[in-house]
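Number of protein chains: 4
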Amino acid sequence: MSAAAAPQAEPQHDAGSPTSGATGTERARYVYLGPAGTFTEAALRQVPGTEGSQCDPVGSVITALAEVRHGTADFAVVPIENSVEGGVTATLDDIAADDNLQIRREILVPISFVLVGRRQLELNEIQTVSTHTHGWAQVRNWAAAHIPQAEFIPGNSTAGAARGLLDDSTTYDAAVCAPLVAEQTGLPVLASAIEDTAGAVTRFVLVSRPCPVPAPTGSDKTTVVVPLPEDHPGALMDILDQFSTRGINLSRIESRPTGAGLGSYFFSIDFEGHVAEERVKAALAALYRMIPGIRFLGSYPRADKLKYAIPAHTRDAAYRAGQEWVAAIMER
Amino acid sequence: MSAAAAPQAEPQHDAGSPTSGATGTERARYVYLGPAGTFTEAALRQVPGTEGSQCDPVGSVITALAEVRHGTADFAVVPIENSVEGGVTATLDDIAADDNLQIRREILVPISFVLVGRRQLELNEIQTVSTHTHGWAQVRNWAAAHIPQAEFIPGNSTAGAARGLLDDSTTYDAAVCAPLVAEQTGLPVLASAIEDTAGAVTRFVLVSRPCPVPAPTGSDKTTVVVPLPEDHPGALMDILDQFSTRGINLSRIESRPTGAGLGSYFFSIDFEGHVAEERVKAALAALYRMIPGIRFLGSYPRADKLKYAIPAHTRDAAYRAGQEWVAAIMER
Amino acid sequence: MSAAAAPQAEPQHDAGSPTSGATGTERARYVYLGPAGTFTEAALRQVPGTEGSQCDPVGSVITALAEVRHGTADFAVVPIENSVEGGVTATLDDIAADDNLQIRREILVPISFVLVGRRQLELNEIQTVSTHTHGWAQVRNWAAAHIPQAEFIPGNSTAGAARGLLDDSTTYDAAVCAPLVAEQTGLPVLASAIEDTAGAVTRFVLVSRPCPVPAPTGSDKTTVVVPLPEDHPGALMDILDQFSTRGINLSRIESRPTGAGLGSYFFSIDFEGHVAEERVKAALAALYRMIPGIRFLGSYPRADKLKYAIPAHTRDAAYRAGQEWVAAIMER
Amino acid sequence: MSAAAAPQAEPQHDAGSPTSGATGTERARYVYLGPAGTFTEAALRQVPGTEGSQCDPVGSVITALAEVRHGTADFAVVPIENSVEGGVTATLDDIAADDNLQIRREILVPISFVLVGRRQLELNEIQTVSTHTHGWAQVRNWAAAHIPQAEFIPGNSTAGAARGLLDDSTTYDAAVCAPLVAEQTGLPVLASAIEDTAGAVTRFVLVSRPCPVPAPTGSDKTTVVVPLPEDHPGALMDILDQFSTRGINLSRIESRPTGAGLGSYFFSIDFEGHVAEERVKAALAALYRMIPGIRFLGSYPRADKLKYAIPAHTRDAAYRAGQEWVAAIMER
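Right, here's the structure in full:
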């Protein structure tokens, strides 16, 4: 697939069948933060139309997004919030770096862990256990209670740690991983549902190159990246004011250092609403006036399909009425 | 002059020569809060092009504005702030009552008073003195010091009180009035510059029926009337926020009871800027969304011609840049 | 009663019996905006304990308040909002002028008018009618419909206009006044309940010299006067922010010119709450820091006894908890 | 040293000599994020009085802070902003977890890197290079330009990667590390000052158990942790308002997930000022009322000793004046 054709390759959210737009016979190529068997692959499998497509694990979030930027992949699936494999900060940072990516959809994956062994073992026989550091953080209490003697060996991923048990390149006794990889590998499950917090969820996003924003569904989310003017953290208040004065609720706000030095941050913000809505247009335009470095990363349907209340005076009809009233004054 | 033709009869602010637009031979008719010789007539005389026009005093602000509404006059000059003849609250209330009037220009008149006598008198001979109550309030200290024995007789106007000295229908000894009426009547001036506060100024407005708003001059003022949602005085904060978030300074804000009961107010607001400016359009549209009962009373040049600073991010260019950025997102 | 003893002469709001504190035999002296028979006298009659006291009408609000300031009266009753006799602006201005007065209680009086005649007349026989200008404004529609031929003669008060019918010093045919003065004078009632707006109410206040603030009742109001820093009407937003950030609702906010020139205003503000409450203390202290010219005019029970909701985090207990938390940090 | 005695073991910031308070002979024990030779050790060496003390590297931020919590160490030095060794998020999260730690001082360390080799090598001979991932991120451009062929091998720390070159347990050719560890090990320096961004700085903090807050210096910083009420990211605005309404500037604000699920965050905030100052007390008490889960982590001198402007109306004198004014009302 040529880079030029790729922006047309958009998921058909309504039809549930994303396809390459170049020809009917070409299929879109998806990349995801690997290896196979992680929660990211589970997220990818939720995207409609991926069954017959080429789906390739890659080594890092940065690689996945670079493939989309360069047109060698049509879509990437990467974690963006509370991932057990890490990558969230890489996603927040890399996706914010230029205007060449667009979030097309969000995907929620429930998080549960199993402990797999190199062989069938009693828990008290385990001397060493490997997994991703973030995964380990989520089973730490269980581990302290049930395998207090075990030393933690950091691994590159939960799935990689599990697969490491299949050969002799590693020496640890057990690994913490997603149920999926246990199934795929057939490794003995020594304990399951060992996560410290039940009900945890990780959020992933499907990313493509910039393309037409999908129509509003009435339950949408928009993601923007707003650099905070240096040495002026109080400016965050002015930013937030642009949302609140227009009745727009934030659903996520996270700071990230820009790398340009102490005190240099950008904010990654999700808010309720769609860029096609007047109040959102007005808020974005106002933010652009204050901070021209703002980036628009996409408007897309909420995964939870929850509807949100819009105050009457900030609905599109109210915006149009206000604009018409002013226009009438100007046309006297 | 027909009512239909009147709206075209606008003062030519640039040319300094307001003329009736209907034909070259017709002249605009001006009415003002009389009687002749008051500070309001002095204000009228400042309006370019009134020399050859018909200028008639009328008995009240309400009458003056009604003549304009009904088309029997083209323009009215009435006090709007700090008048010595009263009428300010009448102006604020009556002008706010419907959409049929527009402020075309503001006029500042310096306030100074003289004491005139029925005949040449020593100050200690004065037993009774008449003037308008508001005028009396502005010479009260002088009167307490120089004519403590004098009883105050309320009059309908400063000029009327002075003219009352010309015949026998009244019996008081002296009157406080504008220097102009002393000249016009030839009454003996017993004391001059008797105002307690030097440098006082009254503000008047020139009002017509609705017509095209004059082009911005870079030093403009806009007047609006905003009813405060009943039983919700805190809403004033939401109103003010629409100005401050767009870098718009208020130059006057006054409350007036609507007459509909305790706690029912409207606010008369002057702010820096012109409805043709984007930040003003945005603020007005936002107010309209919140409070559809808002009335636009006019954008017009400041009498003091002072320039005001507009923050870079609220200038028209910034507004256009923000709108274009959002438009570009929508046109992907 | 001596001036020195007067401050102790406070109404016993609980007991319903205000008495002079000096001795059991002395009685407090009340003055009110006269003449007798106006709505202000009706307001005075609602104050518990006034039956046996000396109650004197005086000619103006300024005189009434001056008597209290000078100690020649213990209490004054004056209109403060929507009066039919005027005086509201005089009250707002004069009471704000120094720290020597305190609002002790608010009183609500329903407003209804009758038309009385010099003799029994048909409505169409009435050629001239007198009353206070503000009273006339409240029966204008009725008059236009029922006595369109009648000329309006401004009077100093509704009661004065009615009493004028009793002798030959005046020549008008009828007067608009309160039902009370019709009863007191026995003048023939030509029409009653002629007010244009049913249910209108005027608010009066009982004023004394400064004294201990009464204990909070849970349904209280506080009145302050806040001068707006000159040439900075935007400062109003900072003022309002001090209330809203502490969950305090405003029940009235009115601007008044200070008389010091164009653009110089003060705001008269009533808000829900009592100075003994922590959130009110904090708001007042914050306002004082910004605008040291602020004046406290009193905390007193609401006439309507309505309870208002106080957000949990702004209740006294929350304030104390916050202060204790900070104190604990300081005592480490 | 006993745990009980430890809280007295505070650095004598004025004297520059932190000592254990138990006896003159006991010395405080410091732990820091190891291994030796990292930027964290460089930070530790800046703390006055550490020369003769026991200074031990530990394996993680969590271990360092746990030693202080348990009393086995008196002080810990850990990175808190923009570290090249990572640990920042661990510090932000772990220090926020309870009330048992207090920030005593901040330390700024300029960041510069060298490339050391297992032996003297030409740059184009390097096939593999190790360092900490965050360190690698800061020399990535240099590496792409000068050693594009080299594969990156993640290490646990910059110093650890360098020391790995000293024996045969590792096989990579070179390492990126701090100049200090090159000196300590004598490894050949193949290139120096290879950081992509000149002038980078990392911020560290010195932490102890809770103890008396040091006196204000006029150039202080306070750190707090504020959990954001779940599902209410807009609450951030209310939090920020408590600072801005009191003229307090923020110098850092960072979000961190609480680990309790999507959308659950806390904010780590540094602001200008000291808890002994009235405006800071007021802001902290207000935040506590809204969000009782707030944690105070310390007031301490700024490393850069910069003075900041405090608006006149938020200085201690203004606070005291406001409180006295309200107190006087209550004492009438």
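Chains as they are written, first to last, in UniProt numbering: chain A, 1 to 332; chain B, 1 to 332; chain C, 1 to 332; chain D, 1 to 332.
All C-beta atoms, glycine included, are put in the ideal place defined by N, C-alpha and C.
These numbers come from a predicted model, not from an experiment.
Anything in chain A within Cβ reach of residue i, meaning under 7 Å, just list it in chain order.
| i | result |
| --- | --- |
| D/Gly-263 | Ser-251, Arg-252 |
| B/Pro-210 | Arg-332 |
Ends of the alpha helix (DSSP H) at residue i?
| i | result |
| --- | --- |
| D/Leu-108 | Element bounds for D/Leu-108: not the alpha helix (DSSP H) but the beta strand (DSSP E), 102-110. |
| A/Pro-179 | 179-185 |
| B/Arg-163 | 158-163 |
| B/Leu-284 | 278-290 |
| B/Gly-117 | Per DSSP, B/Gly-117 belongs to no alpha helix (DSSP H); it is in the beta strand (DSSP E), 114-117. |
| B/Arg-140 | 140-146 |
| A/Gly-135 | 133-137 |
Are residue i and residue j close, meaning C-beta to C-beta below 8 Å?
| i | j | result |
| --- | --- | --- |
| A/Leu-240 | D/Met-237 | yes |
| B/Arg-105 | A/Pro-212 | no |
| A/Val-129 | A/Ile-147 | yes |
| B/Glu-67 | B/Val-58 | yes |
| D/Arg-295 | D/Ile-248 | no |
| C/Val-116 | C/Leu-165 | yes |
| A/Thr-314 | A/Ala-159 | no |
| A/Leu-262 | D/Arg-203 | yes |
| B/Ser-157 | B/Pro-35 | yes |
| B/Thr-40 | B/Arg-256 | no |
With H, G and I counted as helix, E and B as strand and the rest as coil, what does DSSP make of residue i?
| i | result |
| --- | --- |
| B/Asp-173 | coil |
| A/Gln-323 | helix |
| residue 394 of chain B | It is not possible to answer for residue 394 of chain B, since the shown part of chain B is limited to 1 through 332. |
| B/Ser-219 | coil |
| A/Tyr-300 | strand |
| D/Ile-126 | coil |
| C/Arg-256 | strand |
| B/Ile-294 | coil |
| B/Ala-328 | helix |
| D/Ile-239 | helix |
| C/Ala-191 | strand |
| C/Leu-166 | helix |
| C/Thr-197 | coil |
Under 9 Å between beta-carbons, which chain C residues line up against residue i? List them in chain order, please.
| i | result |
| --- | --- |
| B/Ala-182 | Chain C residues near B/Ala-182: none, gap ~24 Å exceeds 9 Å. |
| B/Ala-43 | Those do not exist, as B/Ala-43 stays about 14 Å from chain C at its closest Cβ, beyond 9 Å. |
Chain B partners of residue i, CB-CB under 7 Å?
| i | result |
| --- | --- |
| A/Ala-286 | Gly-322 |
| A/Tyr-319 | Arg-289 |
Using a C-beta to C-beta distance shorter than 8 Å, which residues of chain B count as neighbours of residue i?
| i | result |
| --- | --- |
| A/Pro-229 | Going along chain B, no residue has its Cβ under 8 Å from A/Pro-229, so there is no contact; the nearest lies around 11 Å. |
Could you list which residues in chain C have their beta carbon closer than 7 Å to that of residue i, in chain order?
| i | result |
| --- | --- |
| D/Phe-296 | Ile-329 |
| B/Glu-81 | Leu-262 |
| B/Leu-206 | Going along chain C, no residue has its Cβ under 7 Å from B/Leu-206, so there is no contact; the nearest lies around 17 Å. |
Which residues of chain A have a Cβ atom closer than 8 Å to the Cβ of residue i, listed in chain order?
| i | result |
| --- | --- |
| B/His-146 | Simply none; closest approach about 51 Å. |
| D/Leu-240 | Gly-234, Leu-236, Met-237, Leu-240 |
Quick one: list the residues of chain D neighbouring residue i, beta-carbon separation under 9 Å, in chain order.
| i | result |
| --- | --- |
| A/Val-201 | Gly-261, Leu-262 |
Please report the residue range of the beta strand (DSSP E) in which residue i lies.
| i | result |
| --- | --- |
| C/Glu-272 | 265-272 |
| B/Gly-155 | 151-155 |
Can you pull the chain D residues whose beta carbon is under 7 Å from the beta carbon of residue i, in chain order?
| i | result |
| --- | --- |
| C/Lys-281 | Val-326 |
Task: Continuous beta strand (DSSP E) assignments of at least 3 residues falling wholly in the segment 27-112 of chain C - done: Complete beta strand (DSSP E) runs here, min 3: 29-33, 54-58, 75-81, 102-110.
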